[in-house]
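Note that the protein sequences, when read in sequence, are chains A and B.
Position in the first sequence (first residue = 1) + 7 = the numbering used here.
Position in the second sequence (first residue = 1) + 778 = the numbering used here.
Here's the structure we're looking at; comments come further down.
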Amino acid sequence: AQSVTQLGSHVSVSEGALVLLRCNYSSSVPPYLFWYVQYPNQGLQLLLKYTSAATLVKGINGFEAEFKKSETSFHLTKPSAHMSDAAEYFCAVSGGFSGGYNKLIFGAGTRLAVHP
Amino acid sequence: GAVVSQHPSWVICKSGTSVKIECRSLDFQATTMFWYRQFPKQSLMLMATSNEGSKATYEQGVEKDKFLINHASLTLSTLTVTSAHPEDSSFYICSALLPGAYTFGSGTRLTVV
Numbered sequence: 008a009q010s011v012t013q014l015g016s017h018v019s020v021s022e023g024a025l026v027l028l029r030c031n032y033s034s035s036v037p038p039y040l041f042w043y044v045q046y047p048n049q050g051l052q053l054l055l056k057y058t059s060a061a062t063l064v065k066g067i068n069g070f071e072a073e074f075k076k077s078e079t080s081f082h083l084t085k086p087s088a089h090m091s092d093a094a095e096y097f098c099a100v101s102g103g104f105s106g107g108y109n110k111l112i113f114g115a116g117t118r119l120a121v122h123p
Numbered sequence: 779g780a781v782v783s784q785h786p787s788w789v790i791c792k793s794g795t796s797v798k799i800e801c802r803s804l805d806f807q808a809t810t811m812f813w814y815r816q817f818p819k820q821s822l823m824l825m826a827t828s829n830e831g832s833k834a835t836y837e838q839g840v841e842k843d844k845f846l847i848n849h850a851s852l853t854l855s856t857l858t859v860t861s862a863h864p865e866d867s868s869f870y871i872c873s874a875l876l877p878g879a880y881t882f883g884s885g886t887r888l889t890v891v
């Protein structure tokens, strides 16, 4: 089974500051990991994904995440926050796109606030 | 890229009536689709996995007789909320499983009055 823990339900940063959103996972099989962003009353947009290739993954809008197996972590970072980054961020895990572990399980989410 | 169309985007219904939500893959065949429910300011909770041509697999605690899922073709999965009550009010999102990706619909806001 898979599960995700996102540390910090709310994170607040200043515009231009580093963004760090934490995600730890648990998986009984090699994990596939994802970060999604959700703006109010909208669907999900994929920021980036790890699917067992390079451990440092670069995504859209300047975000990146590093898969660390020893720490069971997949933290999301962005060097410099923009006001437009304010949204809800979800980390998610699955056991791959095929087979019996293809369900995508979400963490509780982290609300990012960016202030001037 | 691949697109999943979810309809309607919002619906208001009276308590006791049924509501059908459609999730349609526009340019690909989706053998597997997932249905999620999201309460305000909360995460997405997986309700069920829908496989084309077979019965859906429901997550623990989800009432299969209340949330009817049909996946009769490779491009369409439907979720019917039967005998809806105010506590069923929520944001429902579908996702299609593609080779190498999960593609999400834009969601349906259901309000039961």
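The C-beta atom is built at its ideal place from N, Cα and C for all residues, glycine as well.
Since the model is a prediction, treat every value here as computed from it, not as a measurement.
message: Pop quiz: residue 82 of chain A and residue 27 of chain A are said to be a contact at Cβ under 8 Å. What is the actual Cβ separation, rounded to whole angstroms?
response: For the purposes of this step, residue 82 of chain A is taken as the residue at position 75 of the first sequence. For the purposes of this step, residue 27 of chain A is taken as the residue at position 20 of the first sequence. So it is a contact: roughly 6 Å between Cβ atoms.
- prompt: Does the distance from the CB of residue 784 of chain B to the CB of residue 884 of chain B come in under 7 Å?
  reply: On the second sequence, position 6 is the one that residue 784 of chain B refers to. On the second sequence, position 106 is the one that residue 884 of chain B refers to. Result yes, Cβ atoms of residue 784 of chain B and residue 884 of chain B sit closer than 7 Å.
Under the three-state DSSP convention, the category residue 76 of chain A falls into: Along the first sequence, one-based indexing puts residue 76 of chain A at 69. Here residue 76 of chain A sits in helix by DSSP.
message: I believe residue 847 of chain B touches residue 857 of chain B by the beta-carbon criterion, under 8 Å. Please report the beta-carbon distance rounded to the nearest angstrom.
response: Counting from one through the second sequence, the residue named residue 847 of chain B turns up at place 69. Counting from one through the second sequence, the residue named residue 857 of chain B turns up at place 79. For a cut-off of 8 Å, the C-beta gap from residue 847 of chain B to residue 857 of chain B is around 6 Å, short enough to register as a contact.
- prompt: In whole angstroms, what separates the C-alpha of residue 100 of chain A from that of residue 9 of chain A?
  reply: In the first sequence, the residue the question calls residue 100 of chain A occupies position 93. In the first sequence, the residue the question calls residue 9 of chain A occupies position 2. Cα to Cα, residue 100 of chain A sits roughly 7 Å from residue 9 of chain A.
message: Please classify residue 36 of chain A as buried or exposed, where buried requires at least 16 neighbouring CB atoms within 10 angstroms.
response: As a position in the first sequence, residue 36 of chain A is number 29, starting the count at 1. It is exposed - the Cβ of residue 36 of chain A has fewer than 16 other Cβ atoms within 10 Å.
message: Which of the three DSSP states is assigned to residue 865 of chain B in this structure?
response: Residue 865 of chain B sits at position 87 when you count from the first residue of the second sequence. DSSP places residue 865 of chain B in helix when its eight states are reduced to three.
query: In chain B, which residues lie with their C-beta within 8 Å of the C-beta of residue 112 of chain A?
result: For the purposes of this step, residue 112 of chain A is taken as residue 105 along the first sequence, with counting starting at 1. Chain B residues near residue 112 of chain A: 824.
query: Buried or exposed: residue 828 of chain B, going by 16 or more other Cβ atoms within 10 Å of its Cβ?
result: Counting from one through the second sequence, the residue named residue 828 of chain B turns up at place 50. Flag for residue 828 of chain B reads buried.
message: Considering only DSSP beta bridges, list what residue 858 of chain B is partnered with.
response: One-based indexing of the second sequence puts residue 858 of chain B at position 80. DSSP, once it has assigned bridges, lists B:798 and B:846 as partnering residue 858 of chain B.
- prompt: Can you name, in chain order, every residue of its own chain whose Cβ lies under 7 Å from the Cβ of residue 79 of chain A, other than the five neighbours on each side?
  reply: The count along the first sequence starts at 1 and reaches residue 79 of chain A at position 72. Once the five neighbours on either side are set aside, the close Cβ partners of residue 79 of chain A are 31, 32 and 33.
task: Enumerate in chain order the residues of its own chain whose CB-to-CB distance from residue 842 of chain B is below 7 Å, with the five nearest sequence positions on each side excluded.
output: Residue 842 of chain B sits at position 64 when you count from the first residue of the second sequence. Result list for residue 842 of chain B: 836, in chain order.
task: Compile a chain-ordered list of the residues in the segment 46-65 of chain A whose CB is closer than 9 Å to at least one CB of chain B.
output: 48, 49, 50, 51, 52, 53, 56 and 58
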